[in-house]
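K.L.:
Listed in order, the protein sequences are those of chains A and B.
Its first residue numbered 39, the first sequence is counted upward by one per residue in this note's numbering.
Its first residue numbered 37, the second sequence is counted upward by one per residue in this note's numbering.
Quick one: the structure is below, and I'll ask about it shortly.
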Amino acid sequence: MSNADVLASPSDLDIVERLRAGDETTFMMLVEQNQAAMLRIARMYVSSGAVAEEAVQEAWLGIIKGLDGFEGRSSLRTWMFRIVANVAKTRGQREGRSVPFSSLAGDDVGSGVDPEWFRAATERFPGGWRAFPDDWRGIPEDRLIGNETLQRIGSAIDLLPPMQAEVLRLRDVLGWTSEEVRNALDLSETNQRVLLHRARSRVRRELDTYLSEGRDDR
Amino acid sequence: MSAQPMTCHEVVEIITDYLEEALPPEDRRRVEEHLAVCDGCTAYVEQMRATIRLTGMLTEEQIPEDQKRQLLDAFRTWTR
Chain A
39 MSNADVLASP SDLDIVERLR AGDETTFMML VEQNQAAMLR IARMYVSSGA VAEEAVQEAW
99 LGIIKGLDGF EGRSSLRTWM FRIVANVAKT RGQREGRSVP FSSLAGDDVG SGVDPEWFRA
159 ATERFPGGWR AFPDDWRGIP EDRLIGNETL QRIGSAIDLL PPMQAEVLRL RDVLGWTSEE
219 VRNALDLSET NQRVLLHRAR SRVRRELDTY LSEGRDDR
Chain B
37 MSAQPMTCHE VVEIITDYLE EALPPEDRRR VEEHLAVCDG CTAYVEQMRA TIRLTGMLTE
97 EQIPEDQKRQ LLDAFRTWTR
């Protein structure tokens with residue numbers, strides 16, 4: 039057990055107890071909460087969406103069958119997603135597919151922070167802003183949280199390298215802790231943070247482009 | 037002060053470490069000193085916080101009904 043693991047919470051144990059008793063509502067709640075993320079994570083390791091679906095199906099079977107053996111030495115989520123990752127990785131290996139971590143992580147893609155925004159070493163105030171970022175606090179809330187804004191964020195996330203997108207979704211859309219994300223995606227603490235940083239910086243940049251377009255329209 | 041003041045570029049590159057409270061105390065203090073006097077970086081941090089808040093308003097994709105039904109069947113079969 040790695041020291042990043044958090045023990046199962048009382049509510050985890052309660053859920054497992056109900057599942058063992060065959061509670062279908064609880065099971066479907068778990069499916070609703072996790073299926074989309076499971077499919078995306080599986081998809082990183084296998085060749086197609088169809089294979090990812092099979093892998094997740096197999097993982098759910100493993101989860102259901104493994105319930106009796108769940109000892110609460112990790113959170114329920116960590117335990118479930120470990121099964122998903124293991125099944126998907128095995129399938130991927132069987133398919134002869136190996137995707138280098140660097141391409142999932144987007145190591146060759148820019149960070150979302152453009153060095154051109156800052157003054158060069160040869161200029162006055164090196165490393166300082168050439169132009170200050172817009173102050174979004176002046177933007178009306180209904181525009182900020184409008185459907186179009188959310189759509190733009192969604193599209194920006196879809197364009198991120200897969201591992202960056204997933205870290206961002208798990209952390210900022212689903213509200214997982216960094217430990218849970220590290221466990222599910224098998225990332226070091228530093229890697230998790232670097233991926234989150236790149237992803238958030240990129241989304242912020244897209245959002246800034248969109249919000250400043252809107253300003254020019256007015 | 038023992039260390040050089042941070043530049044705006046440096047602040048922007050470690051902003052996630054700052055928001056995640058993962059910076060060593062000395063670096064955290066340097067970021068806060070910078071933010072106290074820099075309107076540009078203050079605006080940037082606010083943008084990042086807003087980005088996180090807005091991202092949190094997204095919802096997950098719906099799962100197709102037939103997938104749900106298959107999973108429920110599997111659950112029923114196993115726990116019966």
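Beta carbons are placed, not taken as given, at the ideal position from N, Cα and C, and that holds for glycine.
The structure displayed is predicted, hence computed values, not measured ones.
Examine the Cβ distances between the region 193-212 of chain A and the region 238-253 of chain A and report whether three or more of them are shorter than 8 Å.
P.N.:
yes
K.L.:
Smallest Cα separation from A:S250: which of A:D173, A:N185, A:A194 and A:A222?
P.N.:
For the purposes of this step, residue 250 of chain A is taken as the residue at position 212 of the first sequence. When each option's Cα is compared against that of A:S250, the closest is A:D173.
K.L.:
Locate the alpha helix (DSSP H) running through B:P100, then write down its first and last residues.
P.N.:
What you label residue 100 of chain B is simply residue 64 of the second sequence in a count that begins at 1. No alpha helix (DSSP H) holds B:P100; DSSP gives it neither H nor E.
K.L.:
Are the Cβ atoms of A:R231 and B:E56 separated by less than 8 Å?
P.N.:
Position 193 of the first sequence holds residue 231 of chain A. Position 20 of the second sequence holds residue 56 of chain B. Yes, these two residues count as a Cβ contact at 8 Å.
K.L.:
Using beta carbons (cut-off 8 Å, strictly below), is A:S40 in contact with chain B?
P.N.:
Walking along the first sequence from the start, residue 40 of chain A turns up at place 2. Confidence at A:S40 is low in this model, with a pLDDT of 47, below 50, so its placement is unreliable and the value that follows should be read with caution. The beta carbon of A:S40 does not come within 8 Å of any beta carbon belonging to chain B, so the residue lies off that interface.
K.L.:
Could you give the DSSP three-state label for A:W214: helix, strand or coil?
P.N.:
The sequence position of residue 214 of chain A within the first sequence is 176, counting from 1. Residue state, collapsed to three classes: coil.
K.L.:
So for A:F119, helix, strand or coil by DSSP?
P.N.:
Counting from 1 along the first sequence, the entry for residue 119 of chain A is found at position 81. Helix at A:F119.
K.L.:
Measuring straight from C-alpha to C-alpha, what distance separates A:D52 and A:I102?
P.N.:
One-based indexing of the first sequence puts residue 52 of chain A at position 14. One-based indexing of the first sequence puts residue 102 of chain A at position 64. One C-alpha to the other measures close to 15 Å.
K.L.:
Check for me: the alpha helix (DSSP H) holding A:Q71 runs from which residue to which?
P.N.:
Indexing the first sequence from 1 puts residue 71 of chain A at position 33. For A:Q71, the uninterrupted alpha helix (DSSP H) segment begins and ends at E62 to Y83.
K.L.:
Taking 8 Å as the cut-off, decide whether the C-beta atoms of A:L233 and A:A143 are in contact.
P.N.:
Taking the first residue of the first sequence as 1, we reach residue 233 of chain A at position 195. Taking the first residue of the first sequence as 1, we reach residue 143 of chain A at position 105. Yes, these two residues count as a Cβ contact at 8 Å.
K.L.:
Which residues, taken in chain order from the region 96-108 of chain A, show a beta carbon closer than 9 Å to some beta carbon of chain B?
P.N.:
Closer than 9 Å at the C-beta level to chain B, one finds these residues of the region 96-108 of chain A: W98, L99, I102, K103 and L105.
K.L.:
Going by beta carbon distance, what residues of the same chain come within less than 7 Å of A:L114, once the five residues before and after it are set aside?
P.N.:
If you number the first sequence from 1, residue 114 of chain A lands on position 76. If we look at A:L114 and ignore the five residues flanking it on each side, its Cβ neighbours are A46, D50, I53 and V54.
K.L.:
With a threshold of 16 other CB atoms inside 10 Å of the CB of A:G130, please say whether the residue is buried or exposed.
P.N.:
To locate residue 130 of chain A, count along the first sequence from 1; it is residue 92. Buried, because 16 or more other Cβ atoms sit within 10 Å of the Cβ of A:G130.
K.L.:
For a contact defined as C-beta to C-beta under 7 Å, what are the partners of B:D53 on chain A?
P.N.:
Residue 53 of chain B sits at position 17 when you count from the first residue of the second sequence. Those are R231, listed as they occur along chain A.
K.L.:
Restricting to Cα atoms, I'd like to know which of A:R168, A:S140 and A:R175 is closest to A:M201.
P.N.:
As a first step, residue 201 of chain A is located in the first sequence; it is residue number 163 there, counting from the start. The shortest Cα separation from A:M201 among A:R168, A:S140 and A:R175 belongs to A:S140.
K.L.:
If we ignore side chains and look at the alpha-carbon of each, how far apart do B:C77 and B:T43 end up?
P.N.:
In the second sequence, the residue the question calls residue 77 of chain B occupies position 41. In the second sequence, the residue the question calls residue 43 of chain B occupies position 7. About 10 Å.
K.L.:
Less than 8 Å between the C-beta atoms of A:P171 and B:Q83, yes or no?
P.N.:
As a first step, residue 171 of chain A is located in the first sequence; it is residue number 133 there, counting from the start. As a first step, residue 83 of chain B is located in the second sequence; it is residue number 47 there, counting from the start. Yes, Cβ-Cβ distance for A:P171 and B:Q83 is below 8 Å.
K.L.:
Check the C-beta distance from A:V94 over to A:V122 and give it rounded, since I have them as a contact under 8 Å.
P.N.:
Looking up residue 94 of chain A in the first sequence gives position 56. Looking up residue 122 of chain A in the first sequence gives position 84. Yes, they are in contact, since the Cβ atoms of A:V94 and A:V122 sit about 6 Å apart, within 8 Å.
K.L.:
Secondary structure at A:F139, three-state DSSP: helix, strand or coil?
P.N.:
Indexing the first sequence from 1 puts residue 139 of chain A at position 101. Here A:F139 sits in helix by DSSP.
K.L.:
For A:S216 and A:A158, I'd like the C-alpha separation in whole angstroms.
P.N.:
In the first sequence, the residue the question calls residue 216 of chain A occupies position 178. In the first sequence, the residue the question calls residue 158 of chain A occupies position 120. Each residue's alpha carbon lies about 35 Å from the other.
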